[in-house]
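There are 2 protein chains.
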Amino acid sequence: MANPQDRYAIIVEKFRKKSLKLTPQRLAIAKILALSKGHPSVEEIFEQLKKTFSTMSLATVYRNVLLLKSFGEVLELSFPDGSNRYDGNRPYPHPHVICIKCGAIVDPALDALKDLTHLVAKETGFQILTHRFDFFGICRRCQNSDKK
Amino acid sequence: MANPQDRYAIIVEKFRKKSLKLTPQRLAIAKILALSKGHPSVEEIFEQLKKTFSTMSLATVYRNVLLLKSFGEVLELSFPDGSNRYDGNRPYPHPHVICIKCGAIVDPALDALKDLTHLVAKETGFQILTHRFDFFGICRRCQNSDKK
DNA sequence: TTCTTAAAAGATAATAGTTATTATTTATTA
DNA sequence: TAATAAATAATAACTATTATCTTTTAAGAA
Ligand SMILES: [Mn+2]
Ligand SMILES: [Mn+2]
Ligand SMILES: [Zn+2]
Ligand SMILES: [Zn+2]
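Put into structure tokens, the structure is as follows:
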């Protein structure tokens, strides 16, 4: 996991470079995404920020997440049920392990993937640009709570 | 690729076993999915069937695809842009290679994956149930048409 | 074949997550 | 402090999918 402070600084610098205003709402959203503890959803970010910004609008969260996506500073994980989760700490393709019971998402250490990309390119003739690897299952905590 | 006739027979047998009616529309949808040439979308299935069934309703396609999903006889591939594609020929998790230009989806031969699942289970403590592996890129045909 | 009926089709309304719009507010700079 | 371009907040619009409801039909019985 990248250092959240570093990631935050990188994102703020991007805003500066593009002469975008550093509003408190925008910076707060960036801070949450730079940490990205547990890959938050837009709704979760919104709920968290409502405590600090009483007038916070859901549209503002969507707008800024979209903006950061366009900069390549946040990775969007969209799921079949329509929900989206975000990783602003590691904004590049990497595998994820998702608990189908509690929704927890973790980043596993898994290296054997660039080989796969090359293999696929060779076999299909595609020029591979990105990928998405998701493992779905039940996390340790949910396995234990099932046994009760 | 499984034999489309075999897949069709398996699906029809499932309908029979569950005492579901074998309507012409339902059977036509099953036939297209059993072939699954290019992983069709609901819209594509609908457009194709309108030629034969002038009164065909989009809702009927959705309803039957949903039904086949619930039987485990079709694999749904949902994408970030909201589009869904279906594989009724191989209705179990397997990797896909997707062209971001023309939307082509192919099934690559790629075996080194069950190992990965075990690796991830071991490392994270998750009980892994299913997965989704997508490679995004540009197909050979689109690479060539770009050069023009 | 005709009758009966539960299920499916067709048409359309509802839903939900996201994006667009617009008036108001605000960060930035001079 | 004042000017202004951009962001916010509130809400409308959008779109793919699902639900609802009426009409039609497949399938089994007589
Ligand atoms: Mn991640
Ligand atoms: Mn496939
Ligand atoms: Zn869990
Ligand atoms: Zn292509």
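Protein chains in written order, with my numbering: chain G, 1 to 148; chain H, 149 to 296.
Glycine included, each C-beta is placed from N, C-alpha and C at the ideal position.
Cβ neighbours of residue i in the same chain (closer than 7 Å, five flanking residues each side left out)
| i | result |
| --- | --- |
| Thr-130(G) | Pro-93 |
| Lys-217(H) | Glu-224 |
| Cys-290(H) | Cys-247, Lys-249, Cys-250 |
| Pro-91(G) | Gly-72, Glu-73, Val-74, Leu-75 |
Burial state of residue i (16 or more Cβ within 10 Å)
| i | result |
| --- | --- |
| His-39(G) | buried |
| Asn-212(H) | buried |
| Thr-55(G) | exposed |
| Phe-53(G) | exposed |
| Ala-178(H) | buried |
| Gly-285(H) | buried |
| Thr-124(G) | buried |
| Ala-176(H) | buried |
| Leu-49(G) | buried |
| Leu-116(G) | buried |
Nearest-angstrom Cβ-Cβ length linking residue i and residue j, presumed shorter than 8 Å
| i | j | result |
| --- | --- | --- |
| Ile-246(H) | Asp-294(H) | The Cβ separation is near 17 Å, so there is no contact. |
| Asn-144(G) | Ala-2(G) | Asn-144(G) to Ala-2(G), Cβ: 30 Å. No contact. |
| Ser-36(G) | Tyr-86(G) | 7 Å |
| His-266(H) | Asp-255(H) | About 22 Å; that fails the 8 Å criterion. |
| Ser-41(G) | Ser-83(G) | 6 Å |
Residues bridged to residue i [DSSP beta-bridge criterion]
| i | result |
| --- | --- |
| Leu-225(H) | Arg-233(H) |
| Phe-163(H) | Per DSSP, none; premise fails for Phe-163(H). |
| Ile-105(G) | Ile-98(G) |
Beta-carbon proximity list for residue i, same chain, < 6 Å, skipping 5 on both sides
| i | result |
| --- | --- |
| Arg-174(H) | Asn-212 |
| Cys-139(G) | Cys-99, Ala-104 |
| Pro-4(G) | Ala-34, Leu-35 |
| Pro-172(H) | none |
| Leu-110(G) | Pro-95 |
| Thr-60(G) | Gln-25 |
Element boundaries [beta strand (DSSP E), containing residue i]
| i | result |
| --- | --- |
| Arg-280(H) | 275–286 |
| Ile-100(G) | Note, Ile-100(G): premise wrong, no beta strand (DSSP E); not H, not E. |
Run of the alpha helix (DSSP H) containing residue i, from where it starts to where it stops
| i | result |
| --- | --- |
| Leu-168(H) | Neither: Leu-168(H) is in no alpha helix (DSSP H) and is coded neither H nor E. |
| Leu-113(G) | Unbroken run through Leu-113(G): none, as it is neither H nor E. |
| Ser-70(G) | 58–71 |
| Lys-50(G) | 42–50 |
Own chain partners of residue i with C-beta closer than 8 Å, once the 5 adjacent residues on each side are dropped
| i | result |
| --- | --- |
| Gln-127(G) | Ala-121 |
| Leu-22(G) | Val-12, Phe-15, Arg-16 |
Distance cut-off 8 Å: residue i Cβ against heavy atoms of ligand 6
| i | result |
| --- | --- |
| Arg-141(G) | Because ligand 6 does not appear in the structure shown, any question about it cannot be addressed here, the ligands present being ligand 1, ligand 2, ligand 3 and ligand 4. |
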